[in-house]
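Protein sequences appear in the order of chains A and B. Here the first sequence is numbered in our numbering, starting from 1 and rising by one per residue. Here the second sequence is numbered in our numbering, starting from 129 and rising by one per residue.
Number of protein chains: 2
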Amino acid sequence: MTIKATEAINDVCEIDFVDAEKVKRVRQKMKPAEAVTLLADTFKLLGDPTRVRIAFALAKEELCVCDIANLLNVSQSAVSHSLRTLRQMKLVRFRRVGKIAYYTLDDDHIANLLDEGFRHVDDLLGEK
Amino acid sequence: MTIKATEAINDVCEIDFVDAEKVKRVRQKMKPAEAVTLLADTFKLLGDPTRVRIAFALAKEELCVCDIANLLNVSQSAVSHSLRTLRQMKLVRFRRVGKIAYYTLDDDHIANLLDEGFRHVDDLLGEK
DNA sequence: TGTTCATATGAACAGATATTCAGATGATCT
DNA sequence: AGATCATCTGAATATCTGTTCATATGAACA
């Protein structure tokens, strides 16, 4: 049994699938494009050392913009920009007390992602 | 008790910490720069829909380049480029059988990251 | 009201990135 | 050896991204 591969993209090998059954099985498990895009956007957000550090710090304590900037030795503007994108993607949330804005992680999943991620890199760094 | 903030970056508010104790506590918990950079690079790698789909598919089955390209409807060249970066960062591993290269996830942590990530976005998408 | 302070924001620039294209490599088969 | 096939790779390009700079906002306080 063979299945002709799509020819929409000319660079794709125009042969039959190497293992059509396997591909079929995987295809059924794939997530909808909407979820994939959203997940990629979430990872992309964490794909920056400054934002990783911000998120990690906020996983430990609720912090205001100014303290984050000082803690990480990054300009207030840069922190604010980062926090906005993190906010837009619902990774962090904040409450305002007077002129001070206190930020926290909005979601336990994010703390879990960071933990699992650090476990991964610790393994990598430990291998040497 | 007050601690004078660093003045290295002029945009940072040059005031004392809003909560010096809290900042001190967090600072002690922060991860070394090396680990942070590596983690950010890992997230960055997953911050792309194509690579999320590749990694997710490889979490389910071992697949060759050609089948991945056909499955995801992406050019073989693009898949190969993506796989190389995933390989360099030790997210995937491959074995070669003749001319065919079979790829799998190199690390359970990555599958866990994807699972936790999809749980997060499913929550987000469910809220609407 | 005027000043100071914490935060937010828009524009702009430098550096990074994903994809495409063209061609290389190395394995299989005739 | 020559042809075909799967995969890899370098260069080029168009797009995106993080930071900075300058400025705006809006709260607190004198």
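Ideal placement from N, C-alpha and C gives every residue a C-beta, glycine not left out.
Report yes or no: is there a C-beta of chain B within less than 7 Å of the C-beta of residue i?
i: residue 17 of chain A; result: yes
i: residue 101 of chain A; result: no
i: residue 71 of chain A; result: yes
i: residue 113 of chain A; result: yes
i: residue 46 of chain A; result: yes
i: residue 106 of chain A; result: no
i: residue 81 of chain A; result: no
i: residue 126 of chain A; result: no
Assuming residue i is part of the alpha helix (DSSP H), what are its boundary residues?
i: residue 225 of chain B; result: Counting along the chain, residue 225 of chain B falls outside any alpha helix (DSSP H), though it belongs to the beta strand (DSSP E) covering 220-225.
i: residue 74 of chain A; result: Where residue 74 of chain A is concerned, there is no enclosing alpha helix (DSSP H), given that its DSSP letter is neither H nor E.
i: residue 177 of chain B; result: 177-188
i: residue 164 of chain B; result: 161-174
Suppose the cutoff is 7 Å on Cβ atoms and the five residues either side in sequence are ignored; what does the same chain contact list for residue i look like?
i: residue 213 of chain B; result: 173
i: residue 188 of chain B; result: none
i: residue 23 of chain A; result: 17
i: residue 228 of chain B; result: 192
i: residue 104 of chain A; result: 58, 62, 92 and 93
i: residue 114 of chain A; result: 55, 56 and 59
Under 7 Å, Cβ to Cβ, is there at least one residue of chain A near residue i?
i: residue 187 of chain B; result: no
i: residue 248 of chain B; result: yes
i: residue 244 of chain B; result: yes
i: residue 135 of chain B; result: Annotation note: pLDDT 34 at residue 135 of chain B (below 50); position unreliable, no value reported.
Using a Cβ-Cβ cutoff of less than 8 Å, which residues in the same chain neighbour residue i once the five nearest sequence positions on both sides are dropped?
i: residue 200 of chain B; result: 178, 181, 182, 185 and 207
i: residue 218 of chain B; result: 234 and 235
i: residue 98 of chain A; result: none
i: residue 230 of chain B; result: 190, 191, 192, 222, 223 and 224
Could you give the C-beta distance for residue i and residue j, rounded to a whole number, given that I count them as a contact under 8 Å?
i: residue 167 of chain B; j: residue 26 of chain A; result: Between residue 26 of chain A and residue 167 of chain B the Cβ distance is about 28 Å, and since that is not below 8 Å, they are no contact.
i: residue 109 of chain A; j: residue 251 of chain B; result: 7 Å
i: residue 43 of chain A; j: residue 245 of chain B; result: 7 Å
Spatial neighbours of residue i within its chain, please: CB distance less than 6 Å, with the 5 preceding and 5 following residues excluded, ordered by chain position.
i: residue 69 of chain A; result: 76 and 79
For this session: Determine which residues of the segment 151-167 of chain B have a Cβ less than 8 Å from any Cβ of chain A, and write them out in chain order.
Result: 151, 153, 154, 155, 157, 158, 159, 161, 162, 163, 164, 165, 166 and 167
Problem set entry | Selection of the segment 83-101 of chain A by Cβ proximity to chain B, strictly under 7 Å | 90 and 100
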